[in-house]
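Line by line, the protein sequences give chains A and B.
So the mapping is simple: my numbering equals the position in the first sequence, first residue as 1, plus 11.
So the mapping is simple: my numbering equals the position in the second sequence, first residue as 1, plus 28.
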Amino acid sequence: MLHVNNFHVNVEDTEILRGLDLTVNAGEVHAIMGPNGSGKSTLAQALAGHDAYEVIDGTATFLDNDLTEMPPEERARLGLFLAFQYPVEIPGISNAYFLQSSLNEVRKSHGLDELDALEFQELLAQKMELVNVPMHFADRNVNEGFSGGEKKRNEILQMAVMEPKLAILDETDSGLDIDALRIVSEGINNLRDPERAFVLVTHYQRLLDYVKPDFVHVLYQGRIVKSGGPELALELEEKGYDWIREMNPA
Amino acid sequence: MTQIAEYTDRAQYQADIDTLAAADTNNTLSVLRDAGAEKFSEMDFPHYKEEAWRHTNIKPILKSTFRTHIGASSASLTTDDLAAHSYAKDGLVEVVLVDGIFSSELSSLDTLPDGVVFSSLATSEASTDQLGELVNYTNAFVALNTALVEDGVCINVNKNTQVDVAVHILYVTTGKANTATHPRNVIVAGGSSEFDVIESYVGLNDESETLTNGVCEIVVGDNAKVTRHKVVSEGASAHHLMTTQVTLGRDSRFNAFAMTLSGQTVRNELCVKMTGPGGHCDLNGLYLNDGDRVIDNALFVEHASANCYSRMGYKGVLDGNSTANFTGMVLVPQDSQQTDSDQLNNNLLLSDKAVIDTKPQLEIFADDVKCTHGATIGAFPPELIFYFQSRGMDPLTAHGILTYGFAAEVVDAIEVEPLKKRLADYVFTKYSPK
Numbered sequence: 012m013l014h015v016n017n018f019h020v021n022v023e024d025t026e027i028l029r030g031l032d033l034t035v036n037a038g039e040v041h042a043i044m045g046p047n048g049s050g051k052s053t054l055a056q057a058l059a060g061h062d063a064y065e066v067i068d069g070t071a072t073f074l075d076n077d078l079t080e081m082p083p084e085e086r087a088r089l090g091l092f093l094a095f096q097y098p099v100e101i102p103g104i105s106n107a108y109f110l111q112s113s114l115n116e117v118r119k120s121h122g123l124d125e126l127d128a129l130e131f132q133e134l135l136a137q138k139m140e141l142v143n144v145p146m147h148f149a150d151r152n153v154n155e156g157f158s159g160g161e162k163k164r165n166e167i168l169q170m171a172v173m174e175p176k177l178a179i180l181d182e183t184d185s186g187l188d189i190d191a192l193r194i195v196s197e198g199i200n201n202l203r204d205p206e207r208a209f210v211l212v213t214h215y216q217r218l219l220d221y222v223k224p225d226f227v228h229v230l231y232q233g234r235i236v237k238s239g240g241p242e243l244a245l246e247l248e249e250k251g252y253d254w255i256r257e258m259n260p261a
Numbered sequence: 029m030t031q032i033a034e035y036t037d038r039a040q041y042q043a044d045i046d047t048l049a050a051a052d053t054n055n056t057l058s059v060l061r062d063a064g065a066e067k068f069s070e071m072d073f074p075h076y077k078e079e080a081w082r083h084t085n086i087k088p089i090l091k092s093t094f095r096t097h098i099g100a101s102s103a104s105l106t107t108d109d110l111a112a113h114s115y116a117k118d119g120l121v122e123v124v125l126v127d128g129i130f131s132s133e134l135s136s137l138d139t140l141p142d143g144v145v146f147s148s149l150a151t152s153e154a155s156t157d158q159l160g161e162l163v164n165y166t167n168a169f170v171a172l173n174t175a176l177v178e179d180g181v182c183i184n185v186n187k188n189t190q191v192d193v194a195v196h197i198l199y200v201t202t203g204k205a206n207t208a209t210h211p212r213n214v215i216v217a218g219g220s221s222e223f224d225v226i227e228s229y230v231g232l233n234d235e236s237e238t239l240t241n242g243v244c245e246i247v248v249g250d251n252a253k254v255t256r257h258k259v260v261s262e263g264a265s266a267h268h269l270m271t272t273q274v275t276l277g278r279d280s281r282f283n284a285f286a287m288t289l290s291g292q293t294v295r296n297e298l299c300v301k302m303t304g305p306g307g308h309c310d311l312n313g314l315y316l317n318d319g320d321r322v323i324d325n326a327l328f329v330e331h332a333s334a335n336c337y338s339r340m341g342y343k344g345v346l347d348g349n350s351t352a353n354f355t356g357m358v359l360v361p362q363d364s365q366q367t368d369s370d371q372l373n374n375n376l377l378l379s380d381k382a383v384i385d386t387k388p389q390l391e392i393f394a395d396d397v398k399c400t401h402g403a404t405i406g407a408f409p410p411e412l413i414f415y416f417q418s419r420g421m422d423p424l425t426a427h428g429i430l431t432y433g434f435a436a437e438v439v440d441a442i443e444v445e446p447l448k449k450r451l452a453d454y455v456f457t458k459y460s461p462k
């Protein structure tokens with residue numbers, strides 16, 4: 012589904028990703044771990060199409076579409092979803108209105124009919140139950156006055172509504188207490204599907220206790236330096252990132 | 029008298045003042061009008077070079093003459109004509125004035141609650157102790173209103189009365205070219221009362237150039253709470269100048285919403301004086317500007333007592349070649365310690381040619397105060413647009429939704445549901461992506 016090949020990405024003329032390779036197939040859950048500054052968020056944002064991230068070499072293809080030069084909204088319509096590490100607040104716009112607009116844009120692009128307010132309300136209620144989000148979220152303005160945990164839960168709700176093919180979660184677990192982490196993880200697990208793939212960008216092993224990955228990759232200095240199964244995450248937890256640094260002298 | 033040259037033809041205005049004085053002498057208002065006429069003779073029309081008017085292009089108003097019709101309007105309106113502007117069906121009390129004159133046929137006063145006394149200013153029962161007491165005669169237009177007022181609204185809310193039903197005052201301008209009307213409201217809320225009022229200024233004609241020259245005096249008694257909503261929906265070629273003076277007693281609250289939707293030139297001047305400790309005023313505004321329209325919001329809040337709180341939150345959306353002006357002046361005299369004041373003016377510019385002049389001002393003479401002010405002018409941050417794009421919406425759609433959200437935030441704060449809904453629909457239709 013996703014093929015990233017020799018990906019070199021700059022931010023403000025500084026090279027952050029230095030030849031990253033990654034292949035993700037439908038139904039798989041991949042965890043990407045790494046110390047601060049390794050390029051984890053850069054990878055997530057660059058795949059989503061943020062224009063601060065300049066691809067200077069290599070390719071990224073999603074469902075056989077070349078992502079280079081593709082505007083972010085088109086990537087989203089193809090089925091690529093990014094759950095932000097720091098979701099922004101949108102005053103004056105309710106979650107319901109925001110999500111209805113999003114979903115309808117995606118539906119339009121696939122030649123489907125748009126949902127009217129009532130139809131969408133039903134859909135939203137179902138999704139809110141699926142990811143265990145309180146009903147009042149619908150009328151609240153997007154992320155306005157939300158705690159960190161609520162913002163992350165709202166990202167998962169959006170993911171449930173958008174039904175993406177590839178969901179990239181950028182440090183969704185950061186800043187969550189154990190209860191919020193459990194709820195968010197349940198939501199993610201309820202969305203697992205043979206047609207869907209997940210890339211979990213995470214600094215901590217904790218999330219992976221609840222959302223069991225199929226593959227774990229270690230990102231260090233802009234490249235994936237080690238890949239393995241779920242046990243790699245445990246090894247990393249035990250040995251720390253110094254282990255990685257020692258194995259990969261600069 | 030200042031030496032600034034004037035190009036307004038005073039003679040025509042004076043002729044109307046003289047005609048009215050001669051026509052109607054047995055009325056509560058005639059005494060007020062005499063005083064107004066005298067003030068008018070002493071005052072100048074504002075000149076565009078004066079600081080307070082420098083960014084508001086009122087030359088079109090100064091160069092035309094607007095004749096005041098004496099007596100009831102000849103236009104015959106039905107309730108159907110006013111349906112789009114009425115709130116009677118939502119159960120609100122509604123007072124309708126056509127071209128400045130009260131119309132009992134078009135009004136709905138059945139739901140007027142106990143403890144609320146309404147009278148039209150032209151009737152001799154009008155309890156008008158406060159009339160003319162508050163307002164500051166800052167320029168000739170205010171004096172002109174006083175000299176030419178033929179009718180208006182007087183509302184007294186008795187002490188301790190919690191009014192559940194909002195009162196809607198609907199001033200309709202039918203739009204005979206080059207005419208002026210002079211709306212005048214006196215609203216007095218007795219001690220510990222609570223009251224919501226809506227004033228709509230509606231023009232039915234987009235072609236004719238008219239002048240709505242209004243004055244509003246509001247007294248909020250000790251421990252009382254008044255929420256005033258002013259909606260300006262004048263005709264496309266109409267001009268609207270209005271001065272509102274509010275005085276707050278101790279522990280009282282005044283919430284205001286000034287919503288300017290249409291009209292060629294609109295100036296909303298709002299002055300609030302807090303005279304006792306515990307006073308609290310919360311002034312909100314929204315101005316939607318486009319074409320070559322001019323909108324001016326001039327606010328003045330005086331913390332004449334210690335321990336008062338004031339807040340101004342005004343937002344503007346400017347498109348086309350429109351210009352807007354915001355001045356927020358907060359005055360804190362030396363003895364007004366423990367003052368808490370905050371001003372914010374946010375503007376969204378949708379076009380390169382739109383111009384906003386924003387000037388939050390603070391004059392603080394006390395030393396134990398907390399006063400902040402801020403103003404923003406601009407567009408939406410890229411991070412916000414990217415969030416929309418990551419959800420499948422292109423930048424144009426994102427802008428439309430965000431513009432709607434920007435304006436809707438002010439509307440969201442309104443608690444009178446029918447008004448809130450109508451304004452929300454208006455803003456949605458105007459800005460959200462099609």
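Beta carbons are placed, not taken as given, at the ideal position from N, Cα and C, and that holds for glycine.
Values in this document were obtained by computation on a predicted structure and should not be read as measured data.
Output yes or no for whether 9 Å exceeds the beta carbon distance between L372 (chain B) and A352 (chain B).
no
Identity of the residue in B:Y454, B:G307, B:E161 nearest T288 (chain B) by Cα
B:Y454
Going by beta-carbon coordinates alone, are P88 (chain B) and H267 (chain B) separated by less than 9 Å?
yes
Quick check on T128 (chain B): buried or exposed, where buried means 16 or more other Cβ atoms within 10 Å of its Cβ?
Residue identity check: residue 128 (chain B) is Gly in the sequence provided, not Thr. It counts as buried.
For W81 (chain B), which residues of its own chain have a beta-carbon under 6 Å away from its beta-carbon, when the five flanking residues on both sides are left out?
P74
Just to confirm, are M173 (chain A) and A42 (chain A) a CB contact at a threshold of 9 Å?
No; because the gap between Cβ atoms is not below 9 Å, this pair is not in contact.
T367 (chain B): which of B:G304, B:D250, B:F434 sits nearest, CA to CA?
B:G304
Considering Q371 (chain B), what are the terminal residues of the beta strand (DSSP E) in which it resides?
367-377
Going along the region 429-446 of chain B in order, which residues come within less than 8 Å of chain A, judged by CB to CB distance?
Of all residues in the region 429-446 of chain B, I429, L430, Y432, G433, F434, A435, A436, E437, D440 have a Cβ within less than 8 Å of some Cβ in chain A.
At a CB-CB cut-off below 7 Å, which residues of chain A make contact with F414 (chain B)?
Result: H61, P83.
Quick check on the burial criterion: 16 or more other C-beta atoms within 10 angstroms. Buried or exposed for T30 (chain B)?
Residue confidence is low: T30 (chain B) scores 47 on pLDDT, short of 50, so the model does not pin down where it sits. No coordinate-derived value is stated.
Contact criterion: CB-CB distance below 9 Å. Does M421 (chain B) meet it with respect to chain A?
Yes, M421 (chain B) lies at the interface with chain A (some Cβ there is under 9 Å from its Cβ).
Inter-residue CB distance, G69 (chain A) and N17 (chain A) (contact presumed, cutoff 8 Å):
4 Å
Where the region 393-417 of chain B meets chain A: residues whose CB sits under 7 Å from a CB there
Within the region 393-417 of chain B, the residues whose Cβ lies closer than 7 Å to some Cβ of chain A are E411, L412, F414, Y415, Q417, listed in chain order.
If distances are taken between C-alpha atoms only, which option among A:Y64, A:A59, A:A63 comes closest to T72 (chain A)?
Nearest C-alpha to T72 (chain A): A:A59.
Close beta carbons around T47 (chain B), own chain, < 8 Å, minus the five adjacent residues each side
I98
Look at the alpha carbon of L135 (chain A) and the alpha carbon of M146 (chain A), and state the distance between them as a whole number of angstroms.
9 Å
Buried or exposed: where does D253 (chain A) fall if 16 or more other Cβ atoms within 10 Å of its Cβ makes it buried?
exposed
In chain order, what residues of the same chain lie with their CB nearer than 6 Å to the CB of Y221 (chain A), ignoring the 5 residues before and after it?
Leaving aside the five residues that flank Y221 (chain A) on each side, the residues in its chain whose CB is nearer than 6 Å to its CB run, in chain order, S196.
Start-end ranges of the alpha helix (DSSP H) lying completely within the region 288-329 of chain B, minimum 4 residues
none
Got a sec, what are the start and stop residues for the beta strand (DSSP E) G242 (chain B) sits in?
239-248
Beta carbon of D385 (chain B), beta carbon of G348 (chain B): below 9 Å?
No, they are not a contact pair.
When you compare the CB positions of A208 (chain B) and T238 (chain B), do they come within less than 9 Å of one another, or not?
yes
Can you tell me whether DSSP reads S148 (chain B) as helix, strand or coil?
strand
Identify the contact partners of T425 (chain B) in chain A, using a Cβ-Cβ distance below 8 Å as the criterion.
S112, E116
Outcome for K51 (chain A) when other beta-carbon atoms lying within 10 angstroms are tallied against a minimum of 16
By the neighbour-count rule (16 or more Cβ atoms within 10 Å), K51 (chain A) is buried.
Who are the near neighbours of F223 (chain B) in its chain, counting only those whose CB is closer than 6 Å to its CB and skipping five residues on each side?
V185, V191, A217, V254
What residues from chain B crowd round I199 (chain A), counting only those whose CB sits closer than 8 Å?
Within 8 Å Cβ-Cβ: nothing; I199 (chain A) doesn't reach chain B, min ~18 Å.
Option nearest V195 (chain B) by Cα separation, candidates B:M421, B:K117, B:G428, B:L232
B:K117
Which residue marks the beginning of the alpha helix (DSSP H) containing D32 (chain A), and which one marks its end?
From DSSP, D32 (chain A) is part of no alpha helix (DSSP H) but of the beta strand (DSSP E) over 25-35.
Burial state of L192 (chain A), where buried means 16 or more other Cβ atoms lie within 10 Å
buried
State the CB to CB distance for the pair Y229 (chain B) and V193 (chain B), rounded to an integer number of angstroms; the pair is presumed to be in contact (CB under 8 Å).
Contact doesn't hold; Cβ gap of about 21 Å is too wide.
Contact set for I442 (chain B): own chain, Cβ-Cβ below 8 Å, skip 5 residues either direction
H257, F285, K448, L451
Between B:K398, B:L172, B:Q365, which lies nearest to R95 (chain B) when the distance is taken from Cα to Cα?
B:L172
With DSSP run on the structure shown, which of helix, strand or coil describes Y165 (chain B)?
coil
Through-space distance from Y165 (chain B) to I32 (chain B), alpha-carbon basis
Any reading at I32 (chain B) must be qualified, since the residue scores a pLDDT of 46, below 50, and its modelled position is unreliable; no value is offered.
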